[in-house]
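Residue numbers (mature numbering (1 follows the signal peptide of the UniProt record, and there is no 0)): -28 to -1, 1 to 112.
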């Protein structure tokens, strides 16, 4: 709200300054042909051109304001997209961590199962070897 007031005041100041400058620096009419009516005509002509300049400045200001709104909308869209991507990245990181943990658990269980099977086979083989040794010793 204050920015709009400031811009309006600045625009008014620019218009007043332009009017003052144009009235002070108006090309002087040739002295030989200078007359009251020609001076009055020039003054009216300059005054009538000021509203068109003001309108051009207003249009330029409105276009700039529209571009600013578009830029702000684009910035907001990028910010929302960035937040969504950050959330998706966080979820994917959690999924990768969960999958890594599950893989490690499977590998640990597989290793334990192999150790148990090898131990069982060795115990059975050892049992038969011990039985053969005992029979061999008892026969002598």
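We put the CB at the ideal spot given by N, CA and C, even for glycine.
Can you tell me whether DSSP reads residue i as helix, strand or coil?
i, result
"residue 112", "coil"
"residue 4", "Low per-residue confidence applies at residue 4: pLDDT is 47, beneath 50, and the placement is therefore not dependable, though the value from the model is reported in the following sentence. Residue 4 falls in the coil class under three-state DSSP."
Rounded to whole angstroms, what's the CA-CA distance from residue i to residue j? Just pull it up for me.
i, j, result
"residue 93", "residue 68", "37 Å"
"residue 49", "residue 75", "39 Å"
"residue 70", "residue 63", "11 Å"
"residue 32", "residue 10", "33 Å"
"residue 24", "residue 51", "40 Å"
"residue 104", "residue 88", "24 Å"
"residue 100", "residue 107", "11 Å"
"residue 18", "residue 29", "17 Å"
"residue 162", "residue 66", "What the structure shows of the chain is the stretch from -28 to 112, and residue 162 is not part of that stretch, so it cannot be assessed."
"residue 73", "residue 79", "10 Å"
"residue 60", "residue 53", "10 Å"
"residue 84", "residue 102", "26 Å"
"residue 111", "residue 90", "31 Å"
"residue 40", "residue 57", "25 Å"
"residue 98", "residue 109", "16 Å"
"residue 95", "residue 81", "21 Å"
"residue 4", "residue 26", "Because the pLDDT at residue 4 is just 47, under 50, the model does not fix this residue reliably, and the point stays unresolved."
"residue 86", "residue 77", "14 Å"
"residue 42", "residue 34", "12 Å"
"residue 14", "residue 44", "45 Å"
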